[in-house]
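First the structure, in the form of structure tokens, and then the observations on it.
There are 2 protein chains.
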Amino acid sequence: MADLEIRPATAEDVPAIVAMLADDPLGAQRESPEDLTPYLTALERLAADPNQHVMVAVREGRVIGTLQLTVNPGLSHKGAARAIIEGVRIHTDERGSGLGTQLIEWAVDESRRQNCRMVQLTSDNSRTDAHRFYERLGFTASHVGFKLQL
Amino acid sequence: MADLEIRPATAEDVPAIVAMLADDPLGAQRESPEDLTPYLTALERLAADPNQHVMVAVREGRVIGTLQLTVNPGLSHKGAARAIIEGVRIHTDERGSGLGTQLIEWAVDESRRQNCRMVQLTSDNSRTDAHRFYERLGFTASHVGFKLQL
Numbered sequence: 106m107a108d109l110e111i112r113p114a115t116a117e118d119v120p121a122i123v124a125m126l127a128d129d130p131l132g133a134q135r136e137s138p139e140d141l142t143p144y145l146t147a148l149e150r151l152a153a154d155p156n157q158h159v160m161v162a163v164r165e166g167r168v169i170g171t172l173q174l175t176v177n178p179g180l181s182h183k184g185a186a187r188a189i190i191e192g193v194r195i196h197t198d199e200r201g202s203g204l205g206t207q208l209i210e211w212a213v214d215e216s217r218r219q220n221c222r223m224v225q226l227t228s229d230n231s232r233t234d235a236h237r238f239y240e241r242l243g244f245t246a247s248h249v250g251f252k253l254q255l
Numbered sequence: 106m107a108d109l110e111i112r113p114a115t116a117e118d119v120p121a122i123v124a125m126l127a128d129d130p131l132g133a134q135r136e137s138p139e140d141l142t143p144y145l146t147a148l149e150r151l152a153a154d155p156n157q158h159v160m161v162a163v164r165e166g167r168v169i170g171t172l173q174l175t176v177n178p179g180l181s182h183k184g185a186a187r188a189i190i191e192g193v194r195i196h197t198d199e200r201g202s203g204l205g206t207q208l209i210e211w212a213v214d215e216s217r218r219q220n221c222r223m224v225q226l227t228s229d230n231s232r233t234d235a236h237r238f239y240e241r242l243g244f245t246a247s248h249v250g251f252k253l254q255l
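Protein chains in written order, with the working numbering: chain D, 106 to 255; chain R, 106 to 255.
Right, dumping it as structure tokens:
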């Protein structure tokens, strides 16, 4: 199998990223692949922030996975930074290929390089396959994730 | 009761903030009130970042509450920013006074002002009183919060 590259996302990757965000039982209801403008604006803001890492996984020139890693400094835990993972998506054709594991392992390694003392993420209660996946990678389901839509 | 002020934390507030972080069944094991250096370093980094808001609640010159609000831009949800709340602490003497509600309501209002489409936080599975508190404030326990210590 050809080599996998994990690199920062650029504007050219946005159509492929948004297609993956929308190709999902939850994402289908809340994304707008027909209008990329808000995504391009958001990526500009993210690219300008050294604590933000929107990444794509690319094989043979094709974007097949994405995630966002945020380094979030804080006061608790003796002033520790935490890493937050959001927006993990794997192209339908690539599910079960181990790509999700490679992406999360990249994020964990990068979090260590940035001196984070913890990596955290939340996963919708309905995504039970994802929960088993994160537990296999060593994550602990120790918290309840609360959301308030504005 | 004297007026409550909610304002950004300064270096002078750090001893009171760390005392609150440590005065907690979980925090007691992981904070170092005897050495404030790492907290002061972290606060400098946080104060330089326009997406970070470490706040204190002050009454009659006394720091009685704190939280950290982070504005986290992202691609999903049509390029929406999310607000993340971390490190919510209320001084022991002030619990049950409604101060927690005032702090979270401040954070929700500020998140709206910053065009966030969601406010999110995680709470340790053991903090069942906190879970009821967030549900009363309109949050939904829709997610599982995963953590990996590094």
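We put the beta carbon where it would ideally sit given N, CA and C, even for glycine.
Check: Quick one: what's got a C-beta closer than 7 Å to valine 101 of chain D's C-beta in the same chain, skipping five residues either side?; Outcome: Residue 101 of chain D lies beyond the range of chain D shown here (106 to 255); nothing can be said about it.
Check: Exposed or buried, which one is serine 231 of chain D when buried takes at least 16 other CB atoms within 10 Å?; Outcome: exposed
Check: For the candidate residues D:Gln225, D:Gly166, D:Ala121 and D:Val119, whose alpha-carbon lies nearest to that of alanine 212 of chain D?; Outcome: D:Gln225
Check: So, at 7 Å on beta carbons, what are the nonlocal neighbours of proline 113 of chain R in its own chain, with the 5 sequence-adjacent residues on each side left out?; Outcome: His158, Val159 and Met160
Check: Anyone know if the C-beta pair for leucine 126 of chain R and arginine 194 of chain R falls short of 7 Å?; Outcome: yes
Check: Where does glutamate 210 of chain R sit, in a helix, a strand or coil, going by DSSP?; Outcome: helix
Check: Under three-state DSSP, which class holds glutamate 136 of chain D?; Outcome: coil
Check: State the CB to CB distance for the pair alanine 121 of chain D and valine 168 of chain D, rounded to an integer number of angstroms; the pair is presumed to be in contact (CB under 8 Å).; Outcome: 4 Å
Check: Output yes if chain D places a C-beta closer than 7 Å to the C-beta of phenylalanine 238 of chain R; else output no.; Outcome: no
Check: Is the Cβ of aspartate 229 of chain R closer than 7 Å to any Cβ of chain D?; Outcome: yes
Check: Less than 7 Å between the C-beta atoms of glycine 192 of chain R and serine 181 of chain D, yes or no?; Outcome: yes
Check: From arginine 217 of chain D to arginine 200 of chain D, what distance separates their C-alpha atoms?; Outcome: 26 Å
Check: By the criterion of Cβ-Cβ separation under 7 Å, what are the contact partners of alanine 147 of chain D in chain R?; Outcome: Pro178, Gly179, Leu180 and Gly184
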